[in-house]
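Comments concern the structure below.
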Amino acid sequence: MDESSGKILATVNCRVNGNGRRREEKYLVSSASVVRAYLHRIEQVDPLINAVVDKRNTEALAEAQYIDDLVASGEKTEEELEQEMPLLGVPLTVKEAISVAGLLFTTGVVSRRGIRATEDADVIRLTNNPYNLKRTAGGSSGGEGALLASAGSVIGVGNDIGGSIRMPSFFNGVFGHKPSRGIVPNRGHFPPTEQVLQQYIGTGPMCRYASDLKTMLKVMAGPNVNLLQLDKKVTIKNLKFFYMESDGDRIFTLPAATGVKNAVKKSKKFDINKLVISHFCKVCDVPPQRVQIRGLKHGFRVWAHAVSAKVANVATVESRVFGDNCNISVWKEFLFSLFGWSDYSFPVIATVLVEKYLAPKDRSAAEPFIAMQRQMEKDFQNLLQDDCVFIMPTMPESAAYHYANTLRAQNCGYVAIFNILGLPATNCPVGLDDKGLPVGVQVVTGLRNDHLNLVVAREIEREFGGWVCPGPIVG
Numbered sequence: 014m015d016e017s018s019g020k021i022l023a024t025v026n027c028r029v030n031g032n033g034r035r036r037e038e039k040y041l042v043s044s045a046s047v048v049r050a051y052l053h054r055i056e057q058v059d060p061l062i063n064a065v066v067d068k069r070n071t072e073a074l075a076e077a078q079y080i081d082d083l084v085a086s087g088e089k090t091e092e093e094l095e096q097e098m099p100l101l102g103v104p105l106t107v108k109e110a111i112s113v114a115g116l117l118f119t120t121g122v123v124s125r126r127g128i129r130a131t132e133d134a135d136v137i138r139l140t141n142n143p144y145n146l147k148r149t150a151g152g153s154s155g156g157e158g159a160l161l162a163s164a165g166s167v168i169g170v171g172n173d174i175g176g177s178i179r180m181p182s183f184f185n186g187v188f189g190h191k192p193s194r195g196i197v198p199n200r201g202h203f204p205p206t207e208q209v210l211q212q213y214i215g216t217g218p219m220c221r222y223a224s225d226l227k228t229m230l231k232v233m234a235g236p237n238v239n240l241l242q243l244d245k246k247v248t249i250k251n252l253k254f255f256y257m258e259s260d261g262d263r264i265f266t267l268p269a270a271t272g273v274k275n276a277v278k279k280s281k282k283f284d285i286n287k288l289v290i291s292h293f294c295k296v297c298d299v300p301p302q303r304v305q306i307r308g309l310k311h312g313f314r315v316w317a318h319a320v321s322a323k324v325a326n327v328a329t330v331e332s333r334v335f336g337d338n339c340n341i342s343v344w345k346e347f348l349f350s351l352f353g354w355s356d357y358s359f360p361v362i363a364t365v366l367v368e369k370y371l372a373p374k375d376r377s378a379a380e381p382f383i384a385m386q387r388q389m390e391k392d393f394q395n396l397l398q399d400d401c402v403f404i405m406p407t408m409p410e411s412a413a414y415h416y417a418n419t420l421r422a423q424n425c426g427y428v429a430i431f432n433i434l435g436l437p438a439t440n441c442p443v444g445l446d447d448k449g450l451p452v453g454v455q456v457v458t459g460l461r462n463d464h465l466n467l468v469v470a471r472e473i474e475r476e477f478g479g480w481v482c483p484g485p486i487v488g
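Heads up, the sequence shown is in this note's numbering, so the first residue is 14 and it goes up one at a time.
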């Protein structure tokens, strides 16, 4: 890789438009050069992180050349290109669960092996953490997170029904935004999202640079962008911040590790650069206020009961995993998976068993948790006015070793609860912990106040440095 390619990987983001002009640095780079640099980078890093399922290299290069020719023709001015096609010429990666015409569309399910998407969605082996290959990249958008963190992609698309954008963004030290309920269309996702679950799933952007979140969300939201105020001017010092250091659960979820907790509130015991709440204490007119949302400690159970109550009459996880093959024994596959002999991973089989044998059959058991959900909706509605921001850890600890999270499912409550509440939530990286792994905070605002998330994300990036490359970019 030559020096110019290394510079592209280290600096290019959505501010490169079709003619390659990056306004901040005023240098020109063609779309074809950017695409070639990233394809080469993928060849370097993917043998280590195992993030890429399918490629379309030839088509990508041909499209990039077409774009360069279009720009050179002068048919459209730079201003017209930026206004009409803000991402023209910028390569991106897409989670395999989201259909891209002609590419594999299996979601890792054996019964779907070889299936390819016939059309684009409306938004268009174990994956390893690039900071430590023995640790998880998170899920289920972990491939996106790992590839972005490795400088193998500029921008990515993920989806999130229980933290699947924010969790891998946290583990891989990149930005990830779950939009407000109903903003970005979910058509073209597998498993097909039943109508009853549409309100919980969020398709959204993942990227290394906070400034790209706004550009991507504008494109992904389509006509619904008019429901947001993404261009509204916001002054940080006028915002009111509230925070929690953990979800408050001392029994089922892990307590927030020191490095993560202290990313939320200043402590003398640990210092990862400067710390988020202490920063906003300095820059805001009103000091951040610690609050206690009692229902958050039940976040995972509220999420699980809310989802199971909605899917009582729709396809099961078992039917999604095994397809029409009714001769498969779940318990046999479970035993085989413990020794690596099964075609199905241990977490997938464990999920099938939990649904089949442990999920509550009596729907009345969900009623207390549905009541908690309603109370939290009221609590956050009262708390998060149009100038208010809530901050808490995205997850209670940095990336665990492979498979360890199977026994820590309750930790997902930190992120999953905001799917149920429908609120916009953003992971913002704030540095590395003492193990050299990314940590970050989750920024949450009121419904359709996504613009506040994005402004605060940029402020956190400005103050704490944002994405940290896991290693040198070399040829």
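Each residue gets a CB set at the ideal place from its N, CA and C atoms; glycine is no exception.
Quiz prompt | Residue range of the alpha helix (DSSP H) that includes G152 | solution = Counting from 1 along the sequence shown, the entry for residue 152 is found at position 139. Taken as a continuous stretch (DSSP letters only), G152 belongs to no alpha helix (DSSP H), as it is neither H nor E.
Quiz item: Does the beta-carbon of A470 have 16 or more other beta-carbons within 10 angstroms, so that it is buried, or is it exposed?
Solution: One-based indexing of the sequence shown puts residue 470 at position 457. With at least 16 other beta carbons inside 10 angstroms of its own, A470 counts as buried.
Practice problem: Check H190 in the structure and name its three-state DSSP category. | Solution: Position 177 of the sequence shown, counted from the start, is the residue given in the question as residue 190. The answer is strand: DSSP assigns H190 an E or B state.
Quiz item: With a CB to CB cut of under 7 Å and the five nearest residues on each side skipped, what residues in its chain are close to L226?
Solution: As a position in the sequence shown, residue 226 is number 213, starting the count at 1. Cβ within range, chain order: F188, H190, P218, C220, L467 and A470.
Quiz prompt | Cβ shell of A23 (< 8 Å), same chain only, five flanking positions each side left out | solution = Taking the sequence shown and counting its residues from 1, one reaches residue 23 at position 10. In the same chain as A23, and ignoring 5 residues on each side of it, the C-beta atoms closer than 8 Å to its own belong to A164, C482 and I486, in chain order.
Practice problem: Keeping to the same chain, check which residues put their C-beta closer than 6 Å to that of Y51; ignore five residues upstream and five downstream. | Solution: The residue labelled residue 51 in the question sits at position 38 within the sequence shown. Within the same chain, Y51 has close Cβ partners P104.
Quiz prompt | Proximal residues to E16 (C-beta, below 8 Å), its chain only, five neighbours per side dropped | solution = As a first step, residue 16 is located in the sequence shown; it is residue number 3 there, counting from the start. Any answer about E16 is weak, because its pLDDT of 49 lies below 50 and its placement is not dependable; what the coordinates show is given next. Here the set comprises nothing.
Quiz prompt | Bridge partner(s) assigned by DSSP for D173 | solution = Within the sequence shown, numbered from 1, the residue matching residue 173 stands at position 160. D173 pairs with G215.
Quiz item: Is Y51 helix, strand or coil when you go by DSSP?
Solution: Counted from its first residue, the sequence shown places residue 51 at position 38. Helix at Y51.
Quiz prompt | Whether K253 touches V299 by CB criterion (8 Å) | solution = Here the question's residue 253 lines up with position 240 in the sequence shown. Here the question's residue 299 lines up with position 286 in the sequence shown. Against a cut-off of 8 Å, the Cβ pair of V299 and K253 comes out as a contact.
Self-check item: Between the CA atoms of A412 and L146 - distance to the nearest angstrom
Solution: Position 133 of the sequence shown, counting from 1, holds the residue named residue 146. Position 399 of the sequence shown, counting from 1, holds the residue named residue 412. Distance between the alpha carbons of L146 and A412: 11 Å.
Quiz item: N405 by DSSP, collapsed to three states: which one?
Solution: In the sequence shown, residue 405 corresponds to position 392, counting from 1. The sequence given here places Met at residue 405; Asn does not occur at that position. M405 carries a strand assignment under DSSP once its states are collapsed to helix, strand and coil.
Quiz item: What did DSSP end up calling K282 once you bin it into helix, strand or coil?
Solution: Along the sequence shown, read from residue 1 onward, the residue named residue 282 stands at position 269. For K282, the predicted model reports a pLDDT of 36, less than 50, meaning its position is unreliable; a value from the coordinates is still stated below. Of the three classes helix, strand and coil, the one that applies to K282 here is coil, per DSSP.
Practice problem: Return the CA-CA distance between A64 and S154, expressed in angstroms with no decimal places. | Solution: Reading the sequence shown from its first residue, position 51 is the one you call residue 64. Reading the sequence shown from its first residue, position 141 is the one you call residue 154. Taking the straight line joining both Cα atoms gives about 10 Å.
Practice problem: Decide yes or no for the touch test of the stretch 311-323 against the stretch 425-439: beta carbon pairs closer than 8 Å, at least 3 of them. | Solution: Judged by Cβ distances under 8 Å, the stretch 311-323 makes contact with the stretch 425-439, as three or more pairs qualify.
Quiz item: Apart from the five residues just before and just after Q211, which ones in its own chain have a Cβ nearer than 7 Å to its Cβ?
Solution: As a position in the sequence shown, residue 211 is number 198, starting the count at 1. Residues N199 of the same chain have their beta carbon placed closer than 7 Å to that of Q211, with the five preceding and five following residues left out of the count.
Exercise. Could you tell me which residues DSSP puts in a beta bridge with Y256?
Key: Here residue 256 refers to the residue found at position 243 when the sequence shown is read from its first residue. Note: Y256 sits in a beta bridge opposite R303 and I404.
Exercise. Identify whether G479 lies in helix, strand or coil by the three-state DSSP scheme.
Key: On the sequence shown, position 466 is the one that residue 479 refers to. Three-state DSSP puts G479 in coil, outside helix and strand.
Practice problem: Consult DSSP for R129 and reduce its assignment to one of helix, strand or coil. | Solution: Translated into positions along the sequence shown, residue 129 becomes position 116. Note: R129 maps to strand in three-state DSSP.
Quiz prompt | Beta-carbon gap between P437 and P192 smaller than 8 Å | solution = As a working note, residue 437 is residue 424 in the sequence shown. As a working note, residue 192 is residue 179 in the sequence shown. Closer than 8 Å, so yes.
Quiz prompt | A162 beta carbon less than 8 Å from that of N141 | solution = Translated into the one-based positions of the sequence shown, residue 141 becomes position 128. Translated into the one-based positions of the sequence shown, residue 162 becomes position 149. Against a cut-off of 8 Å, the Cβ pair of A162 and N141 comes out as no contact.
Quiz item: Among V452, D260 and L465, which residue has its Cα nearest to the Cα of F477?
Solution: Sequence index remark: in the sequence shown, residue 477 carries index 464 (1-based). For the residues V452, D260 and L465, the minimum Cα distance to F477 belongs to V452.
Quiz item: Can you list, in chain order, the residues of its chain whose CB lies under 6 Å from that of E37, leaving out five sequence neighbours each side?
Solution: Counting from 1 along the sequence shown, the entry for residue 37 is found at position 24. Low confidence applies to E37: its pLDDT is 40, below 50, so where it sits in the model is not reliable, and the reading given next is rough at best. Excluding positions up to five away in sequence, the list is empty.
Quiz item: Using a Cβ-Cβ cut-off of 8 Å (strictly less than) and excluding sequence neighbours within five positions of K281, which residues of its own chain qualify?
Solution: Against the sequence shown, residue 281 aligns to sequence position 268. Bear in mind that a pLDDT of 36 at K281, under 50, signals an unreliable position, so the model cannot answer this.
Quiz item: Among E109, P409 and A85, which one has its Cα closest to the Cα of R129?
Solution: Stepping through the sequence shown from its first residue, residue 129 is reached at position 116. Selected option, being the one with the closest Cα: E109.
Exercise. Determine which residues share a DSSP beta bridge with I168 and list them.
Key: As a working mapping, residue 168 is identified with position 155 in the sequence shown. I168 is bridged to L105 and C220.
Quiz item: Hey, is N141 close to the ligand HEM, as in C-beta under 7 Å from one of its heavy atoms?
Solution: For the ligand HEM, the structure offers nothing, since it holds no ligand at all.
Quiz item: Distance, Cα to Cα, K391 vs Y144?
Solution: Counting from 1 along the sequence shown, the entry for residue 391 is found at position 378. Counting from 1 along the sequence shown, the entry for residue 144 is found at position 131. Their Cα atoms are separated by approximately 39 Å.
Quiz prompt | Interface flag, A75 vs chain C, CB-CB below 8 Å | solution = Included in the structure is just one protein chain, with no chain C present.
Quiz prompt | Sheet register partners of A438 (DSSP bridge) | solution = For the purposes of this step, residue 438 is taken as the residue at position 425 of the sequence shown. DSSP lists K191 and V457 as partners of A438.
Quiz item: Among S43, G308 and L74, which one has its Cα closest to the Cα of R387?
Solution: Locating residue 387 in the sequence shown gives position 374, where the first residue counts as 1. Looking only at S43, G308 and L74, the smallest Cα-Cα distance to R387 is reached by G308.
Practice problem: Compare the C-alpha of T365 against each of S377, I383, K345 and P381 and name the closest. | Solution: Counting from 1 along the sequence shown, the entry for residue 365 is found at position 352. Sequence check: residue 365 is Val here, not Thr. Closest by alpha carbon: K345.
Practice problem: Report, in whole angstroms, the separation of the C-beta atoms of V428 and G176, which I expect to be a contact under 8 Å. | Solution: By 1-based counting over the sequence shown, the position of residue 428 is 415. By 1-based counting over the sequence shown, the position of residue 176 is 163. The C-beta separation of V428 from G176 comes to about 3 Å, placing the pair in contact by the 8 Å criterion.
Practice problem: Locate the alpha helix (DSSP H) running through M389, then write down its first and last residues. | Solution: Here residue 389 refers to the residue found at position 376 of the sequence shown. Annotation for M389: the continuous alpha helix (DSSP H) segment containing it runs E380 to L396.
Self-check item: Backbone CA spacing between A114 and L445 [nearest angstrom]
Solution: As a working note, residue 114 is residue 101 in the sequence shown. As a working note, residue 445 is residue 432 in the sequence shown. Taking the Cα positions, A114 is about 38 Å away from L445.
Quiz item: Between L397 and T458, which are expected to be in contact by the criterion C-beta below 8 Å, what is the C-beta distance as a whole number of angstroms?
Solution: In the sequence shown, counting from the first residue as 1, residue 397 sits at position 384. In the sequence shown, counting from the first residue as 1, residue 458 sits at position 445. Your pair L397 and T458 checks out as a contact, with CB atoms roughly 6 Å apart and the cut at 8 Å.
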